[in-house]
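A.B. asks: Submitted below is the structure of interest, expressed as structure tokens.
Below you can see the structure in the form of structure tokens.
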């Protein structure tokens, strides 16, 4: 059921077993699951059925990207990278999916604050459910990937680089399949789910003891003020807005809800692609057919990126690094052609494919990479955010180190050559940010190490949960949607069990 | 016999290094030249050499080029040069040219080949 909150009586009260803030991919999936288990759900969505400028403007804030002494103002990224309406940013999602690798869940001793309190084995059943929801085959092959994917570049001869598989789903708003509309309708039409549109949650009101939620305060653009109460509450408003609401709800806990350990808003991580004009480029002494699995174009089959292997990360004490190959570029001429011809002859190869590419680099948990509030407020009185996304020296040094390692492996094995040049302080200027916002309500077993526990419950608050990629304590390098959906399924199980036990 | 061959190679290498060996002589004496440079535009090679001499002059030293010319004169030139290239990559002996990353041997080879084409 869809309900326009602006049409409700002023000071109306919304009651449900579970109140979910945010009607995006995580929120709607979770709503259906909890409703299927026999509980009433209210979804409070800030926007309407379609994006609107006035609602989008609630996202405005400041954001910078920095590292190695360089800094960039990201302009309107905070409004352009997110969608505030039913379906959320899933309406503009590209649909690329992959699970975190088993190693991503582990603590890597050389990366401070790395690791999850869960492992890939525990997550696998939930990944399988997420794949089923998105109409994809499972990632249940070797090392949590897909079986039968050929290593078209190194033919298995490099221990330092390995194919990392990805798939595309057409359950996104950008697909003409209509599947994402059907996904949204399944929640909207569920008899136990009430979806309130234009319902902006502006404060989480705690009980006097500060250990439970009393109610959510909801405001509408037409001035109506509502209250929502449930037995449990879930924030599913995205990797930045989850933080904003927790920080802004500071009337009981002065540093914000869940900020008992000063982790709230910290360790914010994103993903960025790194490239410059026509580089990086690769001469691969392979046929185009051999590289078919690396082709990022077709969406109806798995494709792979060339990733630093687990062994490379351990041996060289680095972070995740991937190279995504593009399409073959026009055959080289002049001196570049001479260089390439000679390289092929020195490898006794008759095959040559010249492709462009982009690099990706994992951003590690960094306390100074953070979301905080500023004095300026939005139309509804909520403080706006400032996001300072920072790469540290380890990460930026690692880029050159891995490009060098890749160059050596390609050359040593007679497989190809690389074209790339960037100084460390140039790298942030060459980054294009994805829409992935992770880490700022990080998951940890001990309250002192994070914001939520392994069940996504805010430490110290019995009934408040966080869904979405903000709980990732380590971001990895793969697109986060499959993992946040898997976590939503896991949270749904937990809530269903908890609610049943309480009843 | 071997010492005679060695002496001849040394003389040839020195001549190449000094740039005094004529092109026909070089080609005749260096079968590797013909096979590796076949079909490569000499002007394109010279462009690579010009860039290399500017950015990495140490790779254009007489000794380096002389050694490589010596290899090119052998019947098993390709195999020996391939081994050098492999070792370069293993030992991170890599130079940047037009932002391409190539081995020191490859870079020196541009010079050596430019002198026999």
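Protein chains in written order, with the numbering used here: chain A, 1 to 503; chain B, 504 to 620. For glycine and all other residues, C-beta sits at the position ideal for the given N, C-alpha and C.
Would the C-beta of residue 497 of chain A count as close to the ligand PLP, meaning under 6 Å from any of its heavy atoms?
C.D. replies: In terms of ligand content, the structure shown is empty, and the ligand PLP therefore cannot be addressed.
A.B. asks: Against chain B, with Cβ distances strictly below 7 Å, would residue 26 of chain A count as a contact?
C.D. replies: No, because no Cβ of chain B sits closer than 7 Å to the Cβ of residue 26 of chain A.
A.B. asks: May I ask you to report which of helix, strand or coil DSSP gives residue 240 of chain A?
C.D. replies: Reduced to three states, the DSSP call for residue 240 of chain A is coil.
A.B. asks: With H, G and I counted as helix, E and B as strand and the rest as coil, what does DSSP make of residue 200 of chain A?
C.D. replies: In the structure shown, residue 200 of chain A sits in a strand (DSSP, three-state: E or B).
A.B. asks: So, for residue 612 of chain B: in the same chain, excluding its five sequence neighbours on each side, which residues have a beta-carbon less than 8 Å away from its beta-carbon?
C.D. replies: Around residue 612 of chain B: 539, 571 and 584.
A.B. asks: Output, in chain order, the set of chain B residues within a Cβ distance shorter than 9 Å of residue 339 of chain A.
C.D. replies: Neighbours of residue 339 of chain A on chain B, chain order: 547, 551, 600, 601, 603, 605, 609 and 613.
A.B. asks: Sorted by chain position, which residues of the same chain lie with C-beta nearer than 6 Å to residue 355 of chain A's C-beta, five sequence neighbours on each side aside?
C.D. replies: If we look at residue 355 of chain A and ignore the five residues flanking it on each side, its Cβ neighbours are 282, 325, 326 and 328.
A.B. asks: Contact between the segment 17-32 of chain A and the segment 479-499 of chain A: three or more CB pairs below 8 Å?
C.D. replies: Yes, since at least three Cβ pairs between the segment 17-32 of chain A and the segment 479-499 of chain A fall closer than 8 Å, the two stretches touch.
A.B. asks: Give the residues of chain B in contact with residue 306 of chain A, contact being defined as C-beta atoms less than 7 Å apart.
C.D. replies: In chain order: nothing, as chain B lies at least about 16 Å away.
A.B. asks: Helix, strand or coil for residue 159 of chain A? Go by DSSP, reduced to three states.
C.D. replies: Three-state result, residue 159 of chain A: coil.
A.B. asks: Could you please give the first and the last residue of the uninterrupted alpha helix (DSSP H) stretch that includes residue 402 of chain A?
C.D. replies: Where residue 402 of chain A is concerned, the enclosing alpha helix (DSSP H) stretches over 393-412.
A.B. asks: Starting from the N-terminal side, write out each stretch of the alpha helix (DSSP H) that is 4 residues or longer and does not extend beyond the segment 213-275 of chain A.
C.D. replies: DSSP runs (the alpha helix (DSSP H)) wholly in the segment 213-275 of chain A: 241-248.
A.B. asks: Measure the beta-carbon distance from residue 232 of chain A to residue 463 of chain A and round it to whole angstroms, keeping in mind my assumption that it falls under 8 Å.
C.D. replies: Confirmed, Cβ separation roughly 5 Å.
A.B. asks: Are at least three pairs of beta-carbons, each pair with one atom in the segment 56-74 of chain A and one in the segment 219-228 of chain A, less than 8 Å apart?
C.D. replies: No, the segment 56-74 of chain A is not in contact with the segment 219-228 of chain A.
A.B. asks: According to DSSP, is residue 170 of chain A part of a helix, a strand, or is it coil?
C.D. replies: Reduced to three states, the DSSP call for residue 170 of chain A is coil.
A.B. asks: Going by alpha carbons, who is nearest to residue 339 of chain A out of B:582, B:550, B:577 and B:533?
C.D. replies: Of the candidates B:582, B:550, B:577 and B:533, the one whose C-alpha sits nearest the C-alpha of residue 339 of chain A is B:550.
A.B. asks: Can the beta-carbon of residue 610 of chain B be found less than 7 Å from the beta-carbon of residue 548 of chain B?
C.D. replies: No, the pair does not count as a contact, with Cβ atoms beyond the cut-off.
A.B. asks: Contact check, residue 50 of chain A vs residue 97 of chain A under 8 Å by CB: the rounded distance?
C.D. replies: No, residue 50 of chain A and residue 97 of chain A are not in contact; Cβ-Cβ is about 25 Å, not under 8 Å.
A.B. asks: Which of the three DSSP states is assigned to residue 126 of chain A in this structure?
C.D. replies: Note: residue 126 of chain A maps to helix in three-state DSSP.
A.B. asks: Within 7 Å (strictly less), CB to CB, does residue 419 of chain A reach chain B?
C.D. replies: Output row for residue 419 of chain A: interface = yes.
A.B. asks: Within this structure, are the beta carbons of residue 19 of chain A and residue 147 of chain A separated by less than 7 Å?
C.D. replies: No, the Cβ-Cβ distance between residue 19 of chain A and residue 147 of chain A is not below 7 Å.
A.B. asks: Alpha carbon to alpha carbon, how far is residue 358 of chain A from residue 393 of chain A? Give it in angstroms, no decimals.
C.D. replies: Distance between the alpha carbons of residue 393 of chain A and residue 358 of chain A is about 20 Å.
A.B. asks: Alpha carbons only, please: which of A:348, A:8, A:484 and A:312 is nearest the one belonging to residue 581 of chain B?
C.D. replies: Comparing Cα-Cα distances from residue 581 of chain B to each of A:348, A:8, A:484 and A:312, the minimum goes to A:348.
A.B. asks: Going by C-alpha to C-alpha distance, which of A:125, A:423, A:297 and A:427 sits closest to residue 272 of chain A?
C.D. replies: Comparing Cα positions, the closest option is A:427.
A.B. asks: Just to confirm my understanding: we take residue 91 of chain A, look at its own chain, exclude 5 residues before and 5 after, and list those with CB closer than 6 Å. What are they?
C.D. replies: Cβ within range, chain order: 83 and 173.
A.B. asks: For residue 413 of chain A, I'd like the list of residues in its chain whose CB is within less than 7 Å of its CB, leaving aside the five on either flank, ordered along the chain.
C.D. replies: Closer than 7 Å at the Cβ level, and outside the excluded window around residue 413 of chain A, lie 154, 157 and 158.
A.B. asks: So, is the C-beta of residue 407 of chain A closer than 7 Å to a C-beta in chain B?
C.D. replies: Residue 407 of chain A counts as touching chain B.
A.B. asks: Counting only runs of 4+ residues fully inside the segment 273-345 of chain A, write out the alpha helix (DSSP H) ranges in chain order.
C.D. replies: Those alpha helix (DSSP H) runs which fall completely within the segment 273-345 of chain A and span 4+ residues are 310-316.
A.B. asks: Between residue 345 of chain A and chain B, is any beta-carbon pair separated by less than 7 Å?
C.D. replies: At least one chain B Cβ lies under 7 Å of residue 345 of chain A.
A.B. asks: Do residue 307 of chain A and residue 162 of chain A have their C-beta atoms closer together than 7 Å?
C.D. replies: Yes, Cβ-Cβ distance for residue 307 of chain A and residue 162 of chain A is below 7 Å.
A.B. asks: By the DSSP assignment, the beta strand (DSSP E) with residue 353 of chain A in it spans what residues?
C.D. replies: It spans 353-361 - the beta strand (DSSP E) in which residue 353 of chain A sits, taken as one unbroken run.
A.B. asks: Of all the options A:178, A:276 and A:241, which has the alpha carbon lying nearest to the alpha carbon of residue 422 of chain A?
C.D. replies: Ranking the options by Cα distance to residue 422 of chain A, first place goes to A:276.
A.B. asks: Return the first residue and the last residue of the alpha helix (DSSP H) that residue 593 of chain B is part of.
C.D. replies: 580-593 is the extent of the alpha helix (DSSP H) around residue 593 of chain B.
A.B. asks: Return the residues of the segment 265-283 of chain A that lie within a Cβ-Cβ distance of less than 7 Å from chain B, sorted by chain order.
C.D. replies: If the cut-off is 7 Å between Cβ atoms, the segment 265-283 of chain A has 279 near chain B.
A.B. asks: Among A:5, A:56 and A:81, which residue has its Cα nearest to the Cα of residue 507 of chain A?
C.D. replies: Since the first residue of chain A shown is 1 and the last is 503, residue 507 of chain A is not available in this structure.
A.B. asks: Exposed or buried, residue 242 of chain A, counting other C-beta atoms within 10 Å across all chains shown (16 or more means buried)?
C.D. replies: Buried: at least 16 other Cβ atoms inside 10 Å.
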